[in-house]
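Structure representation (structure tokens):
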């Protein structure tokens, strides 16, 4: 799943990664019509705090604290805001 996200992601100017909807209906990627998922990260100390902060700050936010010493990063995925009108 992480590999899929990385392959289908594009980085925007603000550092948020947006997962593109490939419109295939693949249940591992997402279904057409569902909101895009964005991923953002920040420093974290505990998994519980990461989950709490992610769910409180972002719509449908789900987070976990990934530890790769000496770094701890909260990876938070959430429903992206709708794109601006064209």
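Residue numbers (mature numbering (1 follows the signal peptide of the UniProt record, and there is no 0)): -19 to -1, 1 to 67.
Using N, Cα and C, we set each Cβ at its ideal position, and we do this for glycine too.
The structure presented is a predicted model; accordingly, all values stated were derived computationally and were not measured.
Residue burial is scored here from C-beta neighbours: residue 58 has at least 16 other C-beta atoms within 10 angstroms and is therefore classed as buried. When the alpha-carbon of residue 60 is set against those of 44, 39, 52, 50, the nearest one is in 39.
Taking residue 23 as the centre and dropping the five residues before and after it, the same chain places the C-beta of 55 closer than 6 Å to its C-beta, in chain order.
Following the DSSP letters along the chain, one finds residue 55 inside the beta strand (DSSP E) bounded by residues 52 to 60.
The shortest CA-to-CA distance from residue 53 to any of 16, 30, 19, 18 is the one to 30.
Taking residue 44 as reference, the option from 63, 51, 27 with the minimal CA-CA separation is 27. By the beta-carbon neighbour count (other beta carbons within 10 angstroms, threshold 16), residue 33 is exposed.
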